[in-house]
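Asks: Residue numbers (our numbering): 9 to 443. Beta carbons: idealized from backbone N, C-alpha and C, even for Gly.
(1) Does the separation of the CB atoms of residue 40 and residue 88 fall below 8 Å?
(2) Excluding sequence positions up to five away, which residues of its chain have a Cβ less than 7 Å from the Cβ of residue 366?
(3) Is it a yes or a no for the segment 229-246 touching the segment 185-205, going by three-plus beta-carbon pairs under 8 Å?
(4) From the DSSP secondary-structure annotation, give me the bridge partner or partners of residue 135.
(5) Give every residue of the same chain whose Cβ lies closer than 7 Å to the Cβ of residue 293, excluding the five residues on either side of it in the sequence, and list them in chain order.
(6) Beta-carbon separation of residue 320 and residue 331 under 8 Å?
(7) Whole angstroms are fine: how far does the CA of residue 203 sit from the CA of residue 183?
(8) May I ask you to verify whether the segment 260-280 touches the segment 130-140, counting CB pairs closer than 8 Å and requiring at least 3?
(9) Looking only at C-alpha atoms, which of 233, 48, 157 sits nearest to residue 79?
(10) In the DSSP output, what is residue 161 paired with across the bridge?
(11) Roughly how many angstroms separate the alpha carbons of residue 262 and residue 303, rounded to a whole number?
(12) Count the other C-beta atoms from every protein chain shown that fall within 10 angstroms of the C-beta of residue 200, then say buried if there are 16 or more, exposed otherwise.
(13) On the CB-based measure, 16 or more other CB atoms within 10 Å of its CB, does residue 85 come out buried or exposed?
(14) Between the beta-carbon of residue 170 and the beta-carbon of residue 327, is there less than 8 Å?
(15) Could you spell out the range, first to last residue, of the beta strand (DSSP E) harbouring residue 187?
(16) Please list, in chain order, all residues of the same chain as residue 354 whose beta carbon is under 6 Å from its beta carbon, the five residues on each side excluded.
(17) Less than 7 Å separating the Cβ of residue 95 from some heavy atom of the ligand ADP?
(18) Helix, strand or coil: which one does DSSP assign to residue 182?
(19) Which residue from 143, 218, 340, 234 puts its Cα closest to that of residue 374?
(20) Determine whether the beta carbon atoms of residue 246 and residue 231 lie at a separation below 8 Å.
(21) If you reduce the DSSP assignment to three classes, tell me which class residue 207 lands in.
(22) Quick check on this structure: which residue in 154, 63, 360, 345 has the alpha carbon closest to the alpha carbon of residue 322?
(23) Buried or exposed: residue 28, going by 16 or more other Cβ atoms within 10 Å of its Cβ?
(24) Beta carbon of residue 264, beta carbon of residue 349: below 8 Å?
(25) Helix, strand or coil for residue 259 per DSSP?
(26) Where does residue 279 sit, in a helix, a strand or coil, going by DSSP?
(27) Can residue 362 and residue 381 be called in contact, C-beta distance under 8 Å?
(28) Just list the residues that DSSP pairs residue 38 with in beta bridges.
(29) Identify which residue in 127, 299, 63, 372 has its Cα closest to the Cα of residue 36.
(30) Taking the beta carbon of residue 368 as the centre, do at least 16 other beta carbons fall within 10 Å, making it buried, or is it exposed?
(31) Can you give the beta carbon distance from residue 228 to residue 160, rounded, assuming they're within the 8 Å contact cut?
(32) With C-beta atoms as the reference, is residue 168 less than 8 Å away from residue 236?
(33) Per the DSSP calculation, residue 380 is bridged to which residue(s)?
(34) Assign residue 270 to one of three DSSP states: helix, strand, or coil.
(35) Is the separation between the beta-carbon of residue 42 and that of residue 222 shorter than 8 Å?
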């Protein structure tokens, strides 16, 4: 083969387990590591050492990344030849030293950078956590109204569980067709979802961070991020899904009020983030509840649906874990308030509890605002209701069996005459006493 493409794990498996596979690299000329900032993390170190061990020393190595952390520059020295070139494909060429476009990185050219075409197209807006759904719906409606026939919008959520729940919510309650993409879906489902979004002229995709890297969807008009991502780098990679190949695009960051400091952190890192103009012109617009929103989010729709109740429970737990590990270093009370607010914003009448073992891991076992599920309750409300429903169905639909002296007839339920005869037999104590 002329070109081999694969993940580090798969290539490493073949090197160790496929006979003579390593000989394919004897005349290798180019080694390209895409998303190098992730591949050169410690978690891939052992696998990459295996790959590097069979590669010729006289190869050319290319490390590609939208973000250039200092640790990447340190790794580059061990992977590339001495005197390697640093090529800035995004920023101003004045940030590189020397007369040519090839140079060593300067402090100004490192760190996080978004495309120059996005300098005046990145916005943020904050709202109470219990208004997240209403705010997101209004932002989406505004985008659709401005481009009714050619909008392609990617909405990023912090966890796969939240992505799944919001996808169901918008599809069922708002009748707004969205494509669901996250790691909890199997590979076949993800492939179909990806193809559907790629080929659509107008579409909305709700996705977790699984789509933030390596996905080159054409003509993405807008990227919306709900809640702060785990890292600034994640923000940059998500924004990079739009304004590709010279096209225009916008990015909107929707934050709960408790996470507003993330917008300030982006600004400190020279990312040109501005307040969303529509929210400045009409401060009430973001939180306006129209008839559709009011109908969709009332009536405790999710609380009466067993599968949705289960999704709400897992979303709530995943949000607690996400916020606990975030760089914002929020207090437990703030974490619980945000997660509870997000749940209430969906129309849930009650906030789910969390299993005792999870609460202990998160250090929230004694938090007064968190309901702990212990013992049988640790099944969660949805599982318990499904279990009780199953027991009830077995109890009520199990047919009566016809007993005969030599066998049990399970082929048919008892006839009414047989049921009456058996009841008389039981009352008399035995069939011989019946006259």
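Replies: According to the structure shown:
(1) For the purposes of this step, residue 40 is identified with residue 32 of the chain shown, where counting begins at 1. For the purposes of this step, residue 88 is identified with residue 80 of the chain shown, where counting begins at 1. Not closer than 8 Å, so no.
(2) Walking along the chain shown from the start, residue 366 turns up at place 358. Annotation for residue 366: 325 place their beta carbon closer than 7 Å to its own, counting only its chain and skipping 5 residues before and after.
(3) With a cut-off of 8 Å, the segment 185-205 and the segment 229-246 do not count as touching, because too few Cβ pairs lie within range.
(4) In the chain shown, counting from the first residue as 1, residue 135 sits at position 127. Paired residues: 264.
(5) Reading the chain shown from its first residue, position 285 is the one you call residue 293. Cβ neighbours of residue 293 beyond the five flanking positions: 146, 286, 287.
(6) Mapped onto the chain shown, residue 320 falls at position 312. Mapped onto the chain shown, residue 331 falls at position 323. Cβ distance not < 8 Å, so residue 320 and residue 331 don't count as in contact.
(7) In the chain shown, the residue the question calls residue 183 occupies position 175. In the chain shown, the residue the question calls residue 203 occupies position 195. Whole-angstrom Cα-Cα distance: 22 Å.
(8) yes
(9) Working through the chain shown from its first residue, we reach residue 79 at position 71. Ranking 233, 48, 157 by Cα distance to residue 79 puts 48 first.
(10) Within the chain shown, numbered from 1, the residue matching residue 161 stands at position 153. Answer is 212, 230, bridged to residue 161.
(11) Along the chain shown, read from residue 1 onward, the residue named residue 262 stands at position 254. Along the chain shown, read from residue 1 onward, the residue named residue 303 stands at position 295. Going from the Cα of residue 262 to the Cα of residue 303 covers about 23 Å.
(12) The residue you call residue 200 lines up with position 192 of the chain shown. Exposed, by the Cβ-count rule.
(13) Here residue 85 refers to the residue found at position 77 of the chain shown. Its Cβ having fewer than 16 others within 10 Å, residue 85 is exposed.
(14) Taking the first residue of the chain shown as position 1, residue 170 is located at position 162. Taking the first residue of the chain shown as position 1, residue 327 is located at position 319. Yes, the Cβ-Cβ distance between residue 170 and residue 327 is below 8 Å.
(15) Taking the chain shown and counting its residues from 1, one reaches residue 187 at position 179. Taken as a continuous stretch (DSSP letters only), the beta strand (DSSP E) holding residue 187 covers 187-189.
(16) For the purposes of this step, residue 354 is identified with residue 346 of the chain shown, where counting begins at 1. Closer than 6 Å at the Cβ level, and outside the excluded window around residue 354, lie 141, 177.
(17) Looking for the ligand ADP in the displayed structure turns up nothing, as the structure carries no ligands at all.
(18) The residue you call residue 182 lines up with position 174 of the chain shown. Here residue 182 sits in coil by DSSP.
(19) The sequence position of residue 374 within the chain shown is 366, counting from 1. Of 143, 218, 340, 234, the residue nearest in Cα terms is 340.
(20) Counted from its first residue, the chain shown places residue 246 at position 238. Counted from its first residue, the chain shown places residue 231 at position 223. Less than 8 Å separates the beta-carbon of residue 246 from that of residue 231.
(21) Taking the chain shown and counting its residues from 1, the one referred to as residue 207 is at position 199. Of the three classes helix, strand and coil, the one that applies to residue 207 here is helix, per DSSP.
(22) In the chain shown, the residue the question calls residue 322 occupies position 314. It is 360 whose Cα lies nearest to the Cα of residue 322.
(23) As a working mapping, residue 28 is identified with position 20 in the chain shown. Its Cβ having fewer than 16 others within 10 Å, residue 28 is exposed.
(24) Taking the first residue of the chain shown as 1, we reach residue 264 at position 256. Taking the first residue of the chain shown as 1, we reach residue 349 at position 341. Cβ distance < 8 Å, so residue 264 and residue 349 count as in contact.
(25) Within the chain shown, numbered from 1, the residue matching residue 259 stands at position 251. In the structure shown, residue 259 sits in a strand (DSSP, three-state: E or B).
(26) Start at 1 with the first residue of the chain shown, and residue 279 comes out as number 271. It is coil, neither helix nor strand.
(27) Residue numbering aside, residue 362 sits at position 354 when the chain shown is read from its first letter. Residue numbering aside, residue 381 sits at position 373 when the chain shown is read from its first letter. Yes, the Cβ-Cβ distance between residue 362 and residue 381 is below 8 Å.
(28) Working through the chain shown from its first residue, we reach residue 38 at position 30. 68, per the DSSP bridge assignment.
(29) Start at 1 with the first residue of the chain shown, and residue 36 comes out as number 28. Considering only alpha carbons, the answer is 63.
(30) Residue 368 sits at position 360 when you count from the first residue of the chain shown. It is exposed - the Cβ of residue 368 has fewer than 16 other Cβ atoms within 10 Å.
(31) For the purposes of this step, residue 228 is identified with residue 220 of the chain shown, where counting begins at 1. For the purposes of this step, residue 160 is identified with residue 152 of the chain shown, where counting begins at 1. Sure, about 5 Å apart at Cβ, within 8 Å.
(32) If you number the chain shown from 1, residue 168 lands on position 160. If you number the chain shown from 1, residue 236 lands on position 228. Against a cut-off of 8 Å, the Cβ pair of residue 236 and residue 168 comes out as no contact.
(33) Looking up residue 380 in the chain shown gives position 372. Paired residue(s): 362.
(34) Along the chain shown, one-based indexing puts residue 270 at 262. Looking at residue 270 - three-state DSSP - the assignment turns out to be helix.
(35) What you label residue 42 is simply residue 34 of the chain shown in a count that begins at 1. What you label residue 222 is simply residue 214 of the chain shown in a count that begins at 1. Yes, Cβ-Cβ distance for residue 42 and residue 222 is below 8 Å.
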